[in-house]
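If you read the sequence shown in UniProt numbering, its first letter stands for residue 1, the second for the next number, and so on.
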Amino acid sequence: MLNLLNQHRTVRKYTDKPIDSELLTKLLEATCRTSNTGNMQAYSIVVTTDATLKQQLAPTHFNQPMITQAPVVLTFCADFNRFTKWCEQRQADPGYDNFQSFMASTIDTLLAAQTFCIAAESEGLGICYLGTTTYNAGEIIDILKLPKLVVPITTVTVGYPADLPEQTDRLPQEAVVHFETYKDFTSADIDQLYAEKENSDFYKQFVAENKKETLAQVFTDIRYSRKNNEFFSDKFLEVLKKQGFLSVIN
């Protein structure tokens, strides 16, 4: 298992080989064993294999080709709709139309997504996690017909790899692991932790292509700018209000 986890690669190109329905069912069964808040399983997984629906979803993910090429697209959703309906049908008063419940269901959702990814990779499949789902959550809600108290959180494409891509670089462990309490970073720590990334030929070319002075500027000015972050923040907050998770906030 440790070897599997350490060999993870993001797979964006897939063969034409379909995923056997029995295998997909087994992967989803394993996913549904994931740890979750209060054993409420406040998440849902929408499995999309229909070509027309994938074409409709593609623009919501900025037309990344994996969406239409992958045999299976899974949209993992925070879902308090099902649990709320069960409560109401059992003479219980649900109180899950709030931000705390949204956060709990989001955590459940992401745990389930990661379980699926590991299970899929263990069976020789390749996966690609898309961080674009919350950017256009409203449009995805319309396409997948998600009711109130259901919000898409992340999307995973899955299929048999057409090639074996290089592993994406990662920061050294000491950048993300803190023992006992959080140890804040000095300027020297930051220089050391990002040195390998900044000095790689790949990222030097990345900086040059984007006509920036530093790699950090590529992130702040182009990839994840303040303007875009604020725009998509406002957009997603409106989705949460529409879907009923911010009903107690004025």
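Quick reminder that beta carbons are idealized off the backbone N, C-alpha and C, glycines included.
Are the CB atoms of PRO147 and CYS77 nearer to each other than 7 angstroms? Translated into the one-based positions of the sequence shown, residue 147 becomes position 147. Translated into the one-based positions of the sequence shown, residue 77 becomes position 77. Against a cut-off of 7 angstroms, the Cβ pair of CYS77 and PRO147 comes out as no contact.
Given a cut-off of 7 angstroms on the beta-carbon distance, is the pair ASP79 and VAL150 in contact? The sequence position of residue 79 within the sequence shown is 79, counting from 1. The sequence position of residue 150 within the sequence shown is 150, counting from 1. Yes. Within cutoff.
Residue burial classification, GLY159 (beta-carbon count within 10 angstroms, cutoff 16): Here residue 159 is taken as the residue at index 159 of the sequence shown, counted from 1. Counting Cβ neighbours within 10 Å, GLY159 comes out buried, since at least 16 surround it.
Can you name the residues that DSSP bridges to ILE45? Taking the sequence shown and counting its residues from 1, one reaches residue 45 at position 45. Beta-bridge pairing links ILE45 to PHE76.
LEU144 to ASP50 span [Cα, whole Å]: The count along the sequence shown starts at 1 and reaches residue 144 at position 144. The count along the sequence shown starts at 1 and reaches residue 50 at position 50. Spanning the two alpha carbons is a distance of roughly 12 angstroms.
Go through its chain and collect everything with a Cβ distance to ALA35's Cβ below 8 angstroms, but skip five positions before and after it. As a first step, residue 35 must be located in the sequence shown, where it is residue number 35. Note that residue 35 corresponds to Ser in the displayed sequence, not to Ala. Hits under 8 angstroms: LEU111.
Residues of its chain near GLU213, where Cβ-Cβ distance is below 8 angstroms and the 5 sequence neighbours each way are ignored: Residue numbering aside, residue 213 sits at position 213 when the sequence shown is read from its first letter. Result list for GLU213: VAL207, in chain order.
Since ALA113 contacts VAL176 with CB under 8 angstroms, what's their CB separation in whole angstroms? On the sequence shown, residue 113 is found 113 positions in, with the first residue counted as 1. On the sequence shown, residue 176 is found 176 positions in, with the first residue counted as 1. Actually they are not in contact, since the Cβ atoms of ALA113 and VAL176 sit about 20 angstroms apart, beyond 8 angstroms.
Which residue's Cα is closest to the Cα of LYS17: MET103, HIS8, LEU125, ALA58? Along the sequence shown, one-based indexing puts residue 17 at 17. Among MET103, HIS8, LEU125, ALA58, the Cα nearest to that of LYS17 is on LEU125.
Are PHE202 and TYR135 close, meaning C-beta to C-beta below 7 angstroms? Taking the sequence shown and counting its residues from 1, one reaches residue 202 at position 202. Taking the sequence shown and counting its residues from 1, one reaches residue 135 at position 135. Not in contact: PHE202 and TYR135 (Cβ atoms no closer than 7 angstroms).
Short check: CB of ASP93 to CB of ALA42, under 7 angstroms? Position 93 of the sequence shown, counted from the first residue, corresponds to residue 93. Position 42 of the sequence shown, counted from the first residue, corresponds to residue 42. Taking 7 angstroms as the Cβ cut-off, ASP93 and ALA42 do not qualify as a contacting pair.
Apart from the five residues on each side of it in sequence, which residues of its chain come closer than 6 angstroms, Cβ to Cβ, to ILE45? On the sequence shown, residue 45 is found 45 positions in, with the first residue counted as 1. Closer than 6 angstroms at Cβ, skipping near neighbours: LEU74, PHE76.
Are ALA30 and ALA119 touching if we call contact CB-CB under 7 angstroms? Reading the sequence shown from its first residue, position 30 is the one you call residue 30. Reading the sequence shown from its first residue, position 119 is the one you call residue 119. In this structure, ALA119 lies closer than 7 angstroms to ALA30 by Cβ.
When the Cα atoms are used, what is the spatial distance from THR48 to GLY244? Within the sequence shown, residue 48 is the residue found at index 48, counting from 1. Within the sequence shown, residue 244 is the residue found at index 244, counting from 1. Near 25 angstroms, if we compare the C-alpha coordinates of GLY244 and THR48.
Could you give the DSSP three-state label for LYS128: helix, strand or coil? Within the sequence shown, numbered from 1, the residue matching residue 128 stands at position 128. The amino acid occupying residue 128 in the given sequence is Cys; Lys does not appear at that position. Correct three-state label for CYS128: strand.
Assigned exposure category for TYR182 - 16 Cβ within 10 Å defines buried: As a first step, residue 182 is located in the sequence shown; it is residue number 182 there, counting from the start. Exposed, because fewer than 16 other Cβ atoms sit within 10 Å of the Cβ of TYR182.
Among GLU198, ASN228, GLN89, ASN63, which one has its Cα closest to the Cα of LEU215? To locate residue 215, count along the sequence shown from 1; it is residue 215. Nearest option by C-alpha distance: GLU198.
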